[in-house]
Structure formats: C-alpha cells, structure tokens
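Step one of this worksheet: look at the structure below.
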Amino acid sequence: MPRKEQFVGFLIMNQVQTIDQALMPVGNIEAYTHWVHQIPILTQQEEQELSRQWYEQHDLEAARKLILAHLRFVVRVAKGYLGYGLPLGDLIQEGNIGLMKAVKRFDPNVGVRLVSFAVHWIKAEIHEFVLRNWRIVKVATTKAQRKLFFNLRSAKKRLGWFSREEVDGVAKDLGVRPEDVMEMEARLNAHDAAYDSSANDDDDSGSSPRQFAPQHYLEDHSADPSLQVENYNWASQNNANLQTALAALDERSRDIINQRWLADKKSTLHELAAQYQVSAERVRQLEQNAMKKLKASLV
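Residues 0 to 298, numbered by numbering that gives the first Met the number 0, are exactly what the sequence shown covers, in order.
Written out as structure tokens, the structure is:
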C-alpha cells in the first residue's frame, strides 16, 4: 500500500475516533442513538459525489460526512448482537471501526450503495469482537466453528440439547459435519469457571464445590522451582559419587563396567572376553565384583 494511502487512512481513523469520543458519552447509549438519527440520510447522488471526492481527491471532510451519515446503520446492526451479553456501546464502537474500513476501501465506480458494501465490514468487526470477548477461552477458531457460533442459536427451535435428527439437519443447512455441530453446542452450553474457589463456597461437607475448583487439580508440581533445584542437586551428587567410585576401580574393571553399562553401544561378555583374552565367565565375575564395589561406595 502506498505511503500516501496509509497516511490518509490514519487520518480518517483518528478523525472519526475523535467524533465518537465527543458524541458518545459513557453510559448514555440513548443519547448517542438519538443523535445519530438526527443526521440526515444521504441521497444516492450525494453519496456518489462524496465518495468520489474521497476516492479521487482523498478529501477527509467527504469521508467524515460519509461515516457520520451511516452511523445510524451501525447502531441497528449492533443491536442484533445483544444476545451475546456484551455491552451495546462496545458493539457499536467495533461496528464503527468496520464502517471506517469500509469507507476507506469503497470504490464508487462499482455501482453499489455504500451501505451494501459496508455491512460486511461492520459485521466482520463485530464478529471478531464477540468471539474475543464472549468467553475467556475463544470458542471458535476455524471457519466452520465461526459459522456455527453465529447460526446455531437461531437454528435451535427449542430449549435443551439437539436430537440426532436436529443435529443432522443443522449440519446439512450450514454445510458442516454433525460432529462440528455437537462440539459447538457443547461449547455454547458450557460456562466459564473461576480458577480458585469463591470465599462464599461452603466447605463444611466433603462434596463441597470448593474441592472441584481448577486450582485443586490443575497444579503442576513438576514446575515447582524448589523441587527442580532439589532434583538437579540430587542428580549432580549421584553423578559425582559414581565418578569417584569408578575411579577407585582397577583399569580393567572400570573398562568392563563402561562397555557393559555406560557406553551407547553395549559390549557382550564374549566380545570383552576376546579383548582381554579370558573366558566369558571370567569377564562376568569381574563385572559382578566391580558392581559390588560400586554399590558399596554409593550407599
């Protein structure tokens, strides 16, 4: 993207953010909604003229007028996502970002109204916001999961879990696998759980919810720094003691232990017997005697 286009886009974003801050008081959605509905709707001719001024001349004032005239539409789209338990003000702000992106990319030569083009950008920004904030853990990551997340509620005709026939019907309608429908239904019916138990939980009985809090079964003992230091010291001390015990053996016995137990490629009794020109039984005896000495030194 050319630097000029990047700079102009940056100016649009900052200018409209200033508009939102001035016109949307915290906790007063009704006042904001009333205000945006006072802004006149643009005729097709006015919209085309402003769009060309922005598209061809990068006129920021034209872009500002286009955005302001379509803020009411963002409010209407955002209200359709109230069922996800997120603040309407946040949904509107995300939708406004989508509207800004749409105005920035709108080409008046295509021959469609801005609202038809902008609806996809507005919904895309709201969708991302809902997916990021609906739960602590993101519930939809793949394309199929996103489709299910925003369509599964409307597909359910009653409360309760789907029957097998309903699962197959939804999967066919949305073009996904029945397994994907069942997985998303389980995610939608699940609830976020606090890591630690609440101070108000009753812990008098043995079946208290307190004992089922994740803090009681998600603890990773292997990551305890004190245990890691203790294990490291124990291994280091054992290794040092082993080296001291090996040094106390005679050269032949030490070599037999190394080749029989410590080498990557272990030697057989017959290979060592041929090397030292003794019987395999003698090598076994030397090995046993060396192991007894090592055990005595390590105790």
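Glycine is no exception: its CB is placed at the ideal position from the N, C-alpha and C atoms.
message: Closest to Q37 by C-alpha separation, out of R71, A295 and A123, would be which residue?
response: R71
query: Using the rule of at least 16 other Cβ atoms within 10 Å of the residue's Cβ for burial, across every protein chain shown, is V111 buried or exposed?
result: exposed
field: Cβ-based burial, I255 [other Cβ within 10 Å; buried from 16]
entry: buried
task: Below 6 Å CB to CB, which residues in the same chain sit around K78 once its five sequence neighbours on both sides are set aside?
output: none
query: For H69, does the three-state DSSP call read helix, strand or coil?
result: coil
- prompt: CA-CA distance, N237 and L297?
  reply: 8 Å
Beta-carbon spacing of L268, A279 below 8 Å: yes
task: Could you name the residues of the same chain whose beta carbon sits closer than 7 Å to that of V114, not counting the 5 residues immediately before and after it, in chain order?
output: H69 and F72
task: Express the C-alpha separation of L65 and Q47 in angstroms, rounding to a whole number.
output: 10 Å
message: Could you tell me the alpha carbon to alpha carbon distance between I121 and A234, rounded to whole angstroms?
response: 60 Å
field: Cα-Cα separation, F128 to A117
entry: 17 Å
task: From the DSSP output, in three-state form, read off D203 for me.
output: Its pLDDT being 49, under 50, D203 is placed unreliably by the model, and the measurement read from it follows with that caveat. D203: coil per DSSP, three-state reduction.
field: C-beta contact flag for L285 and R251 at 8 Å
entry: yes
task: Kindly list the residues whose CB is nearer than 8 Å to the CB of A244, restricted to its own chain and excluding five residues on each side of it in sequence; keep chain order.
output: K292, L293, S296 and L297
- request: Indicate whether V35 and V76 have their beta-carbon atoms separated by less than 8 Å.
  value: no
- prompt: From Q43 to L67, what distance separates their C-alpha atoms?
  reply: 15 Å
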